[in-house]
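Top line first, the protein sequences correspond to chains A and B. Quick note: the first sequence uses UniProt numbering, first residue 1, plus one each step. Quick note: the second sequence uses UniProt numbering, first residue 1, plus one each step. We put the beta carbon where it would ideally sit given N, CA and C, even for glycine. Scroll down for the structure; my scribbles are underneath it.
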Amino acid sequence: MNNEHCDQLVDYLSGTLSDEETRQFEEHLKTCDECREIADATGQLPYLSDPAEPPAGMKSRILSNVFAEEEEDTAVEGTERVSPTIKNEKQVEDELPKVVPITDRKRKRVWWTPVIAAVLLLSLLGNAYAFMQLQQEQEQAAPEPAPPPSQPETAFQSIDLQPSEGFDGDATAAVIEEENGALNLVVTAEQLAALEGDQVYQVWLIEGDNPIPAGAFTTNANGEGATYFNIDNNTEEWDTIAITLEPQPGNELPQGEVVLSAGI
Amino acid sequence: MEKSSDTLLYSRIREKDKDALEYLYDRYEKILFSFLYKMTQDRDLAEEALQEVFIKIWRGVGEYDDSKGKFASWLFRMAQNSAIDLIRKRKKPTVPLDEVAEMPSGESSVEQTAEWQEEKEHIQAAVSQLSAEQQEMIQLFYFKGHTHEKIAELCGLPLGTVKSRIRLALSKLKKTLHGMQERGAIDE
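This is how it looks when you write it as structure tokens:
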């Protein structure tokens, strides 16, 4: 019996066994020192590789995709997605002609995912304080946060904001649901005009005539900026998201002009 | 020590600790990418395979426990299988080797580089004990991601012979590594 399983070691190592066969073989591994030791020995072979430098930004791309998978899954309730996005991409490619230039795949990657990853990581590492300094005043002034509804519904997944007349810039907003059900609004923007003095770009979620401050940011030398905002009171009723140019941080109501906006 | 800290990290990841996943990623990024690049000869494919590995870990696909051997071996196997899947699906022409960027000095931690070097010398010494044919088997099977059928075709051997030769080569590799470990322990 054991010998029969031992014969499957090579197939196991190359991943050609069916799920059931793999499960059975892993049971066998528990009792067969020889097979387990051989499997372990293969774990040293990768060190024969020559060191190759990973592509720039690979870490943030991968981690954001890994964690985004999770968010998507929890957001789409009752829908079991077995294959990750990467698989979906492959399925799409399977339907297309086989030769897909590498650069095309690269271009398909959403440009702001690294930023989300970076922002998420900042937050996760507990270093978000510095990043969210601008929002603190607002949050303190805001009413006591209500606990998130037990089955929060995400108002939207991802929206591109359009510049108002006389302004330049691009921005994308996305709502990300955390494991515990908390919702976060992530806004990333680029090609914005430089700020002066105390000016900030302020994000607003608007319901009718009621704007709620939803994070503020300043831009870097390239006119890029991002903000990450915990949404305390989720509502399906928001009709607009906008970014204004405020003369100073911490405004409860917009004073400056709308730079970018989109209907929700 | 390495093993137990990996296992600890893994159990934190199972509890959805994102920091733990990032830590594990940092620890293995370089070796996994280099290994996947060696297999695929394609930086995009290597990245895609690496991403699949971490998606699987995060989702708990093919869960790890001690009975499956060392954590690193399990991790590398998952990476290898992801790469094989992608290679077989994609069947792209390979990119010439000279496109790979050299490792800039000082990029990785000194500790990581030293550990890699040590492992490399160790495994190289063990592989050099194998016959040329056995080395070839490991190349074709492990690094090229060829199916047994393909290896049989390339080497002009019956399928059954290919499988038993691969197993024999791996078995000898294991014995050599163990022998070296024991000698090392005595030396210390």
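>> Within 8 Å of any Cβ in chain A, is that where the Cβ of A101 of chain B sits?
In response: Summary for A101 of chain B: the model assigns pLDDT 42, below 50, so the residue's position carries little reliability, and this model does not support an answer.
> If contact means a Cβ-Cβ distance below 7 Å, which residues of the stretch 64-92 of chain B contact chain A?
Replying inline: Answer in chain order: S67, K68, G69, K70, A72, S73, F76, R77, N81, I84, K89.
> Can you name the residues of chain A whose CB is closer than 8 Å to the CB of L177 of chain B?
Replying inline: Neighbours of L177 of chain B on chain A, chain order: A41, Q44.
> Just checking my contact of V186 of chain A with Y228 of chain A at CB under 8 Å: how many whole Å lie between their CB atoms?
Replying inline: Sure, about 5 Å apart at Cβ, within 8 Å.
> The alpha helix (DSSP H) spanning Y28 of chain B covers which residue range?
Replying inline: 18-40 is the extent of the alpha helix (DSSP H) around Y28 of chain B.
> I think E196 of chain A touches G169 of chain A, with their Cβ atoms under 8 Å apart; what is that distance to the nearest whole Å?
Replying inline: About 16 Å; that fails the 8 Å criterion.
>> Residues of chain A with CB closer than 8 Å to the CB of E29 of chain B, please, in chain order.
In response: Neighbours of E29 of chain B on chain A, chain order: P54, M58, K59.
> For a contact meaning CB atoms closer than 8 Å, what does I166 of chain B contact in chain A?
Replying inline: The contact set of I166 of chain B on chain A, defined by CB atoms closer than 8 Å, consists of V10 in chain order.
> If we ignore side chains and look at the alpha-carbon of each, how far apart do R43 of chain B and P54 of chain A end up?
Replying inline: Cα-Cα distance, rounded: 8 Å.
> Would you call the stretch 10-25 of chain B and the stretch 55-63 of chain B touching, i.e. three or more CB-CB distances under 8 Å?
Replying inline: These segments touch.
> Would you call the stretch 243-261 of chain A and the stretch 20-33 of chain B touching, i.e. three or more CB-CB distances under 8 Å?
Replying inline: By the criterion of at least three beta-carbon pairs nearer than 8 Å, the stretch 243-261 of chain A is not in contact with the stretch 20-33 of chain B.
> Is any beta-carbon of chain A found at less than 8 Å from that of K163 of chain B?
Replying inline: Output row for K163 of chain B: interface = yes.
>> Counting C-beta neighbours from all protein chains within 10 Å, is the total for E20 of chain A 16 or more, i.e. buried, or is it exposed?
In response: With a threshold of 16 other beta carbon atoms within 10 Å, E20 of chain A falls short and is exposed.
> Nearest to M39 of chain B by CA position, among B:A114, B:L159, B:A83, is which residue?
Replying inline: The residue with the shortest Cα to Cα distance from M39 of chain B is B:A83.
> Using a C-beta to C-beta distance shorter than 9 Å, which residues of chain A count as neighbours of S11 of chain B?
Replying inline: Result: empty, since nearest Cβ-Cβ is about 17 Å, beyond 9 Å.
> Run through DSSP, which three-state label would V175 of chain A get?
Replying inline: Looking at V175 of chain A - three-state DSSP - the assignment turns out to be strand.
>> Would the stretch 119-131 of chain B count as touching the stretch 34-52 of chain A if we require 3 or more Cβ pairs under 8 Å?
In response: Enough Cβ pairs lie closer than 8 Å, so yes.
> In its own chain, which residues sit with a C-beta less than 8 Å from the C-beta of I206 of chain A, not counting the 5 before and 5 after it?
Replying inline: Cβ-Cβ distances below 8 Å link I206 of chain A to I212, W238, D239, T240, I241, A242 in the same chain, with the five nearest sequence neighbours on each side left out; the list follows chain order.
> Can you list the residues of chain A that Q124 of chain B reaches, using a CB-CB cut of under 7 Å?
Replying inline: Within chain A, the residues near Q124 of chain B are L48.
>> Using CA atoms only, rank isn't needed, just tell me which of A:I62, A:G57, A:L45 is closest to V53 of chain B.
In response: Each of A:I62, A:G57, A:L45 was checked against the Cα of V53 of chain B, and the nearest Cα belongs to A:I62.
>> So, under 8 Å CB-CB, R167 of chain B and V10 of chain A are touching, yes? Tell me the CB distance rounded to an integer number of Å.
In response: Yes, R167 of chain B and V10 of chain A are in contact; Cβ-Cβ is about 5 Å, under 8 Å.
>> Considering Cα atoms alone, identify which of B:I138, B:Y23, B:R165, B:D65 is closest to E23 of chain A.
In response: Looking at the sequence itself, residue 23 of chain A is Arg, so the reference to Glu does not match. Out of B:I138, B:Y23, B:R165, B:D65, B:D65 has the C-alpha closest to the C-alpha of R23 of chain A.
> Near L24 of chain B, which residues of its chain fall below 6 Å by C-beta distance, leaving aside the five closest residues on each side in sequence?
Replying inline: The residues are L9.
> Who pairs with Q162 of chain A in a beta bridge, going by DSSP?
Replying inline: Within the DSSP secondary-structure output, Q162 of chain A pairs in a beta bridge with A:S261.
> Which term fits E246 of chain A, buried or exposed, when burial requires 16 or more other beta carbons within 10 angstroms of its beta carbon?
Replying inline: Under this definition E246 of chain A is a buried residue.
> Under 8 Å, do L177 of chain B and L130 of chain B count as touching if we go by C-beta distance?
Replying inline: Going by C-beta atoms, L177 of chain B is not nearer than 8 Å to L130 of chain B.
> Contact check, K140 of chain B vs L154 of chain B under 8 Å by CB: the rounded distance?
Replying inline: First, the residue type needs correcting, since residue 140 of chain B is Leu and not Lys in the sequence shown. About 7 Å separates the beta carbon of L140 of chain B from that of L154 of chain B, a gap short enough to meet the 8 Å contact definition.
>> Under DSSP, the alpha helix (DSSP H) around V127 of chain B begins and ends at which residues?
In response: Per DSSP, V127 of chain B is one residue of the alpha helix (DSSP H) stretching across 110-128.
>> Residues of chain A with CB closer than 9 Å to the CB of Y23 of chain B, please, in chain order.
In response: Within 9 Å Cβ-Cβ: nothing; Y23 of chain B doesn't reach chain A, min ~11 Å.
>> For chain B, check one thing: does any of its Cβ atoms lie closer than 8 Å to the Cβ of G15 of chain A?
In response: Any Cβ of chain B closer than 8 Å to the Cβ of G15 of chain A would place that residue at the interface, and such an atom is present.
> What is the rounded straight-line gap between the Cα of G181 of chain A and the Cα of I231 of chain A?
Replying inline: Spanning the two alpha carbons is a distance of roughly 11 Å.
> Using CA coordinates, which residue listed in B:F71, B:Q135, B:V110, B:R77 is at the minimum distance from L50 of chain B?
Replying inline: Among B:F71, B:Q135, B:V110, B:R77, the Cα nearest to that of L50 of chain B belongs to B:R77.
> Taking Cβ-Cβ distances shorter than 9 Å, what residues in chain A pair up with I151 of chain B?
Replying inline: Neighbourhood of I151 of chain B in chain A, by CB distance below 9 Å: empty, with the nearest CB roughly 10 Å away.
>> Using only the alpha-carbon positions, how far apart do S18 of chain A and A56 of chain A sit?
In response: Distance between the alpha carbons of S18 of chain A and A56 of chain A: 36 Å.
> Between the beta-carbon of T219 of chain A and the beta-carbon of L192 of chain A, is there less than 8 Å?
Replying inline: Taking 8 Å as the Cβ cut-off, T219 of chain A and L192 of chain A qualify as a contacting pair.
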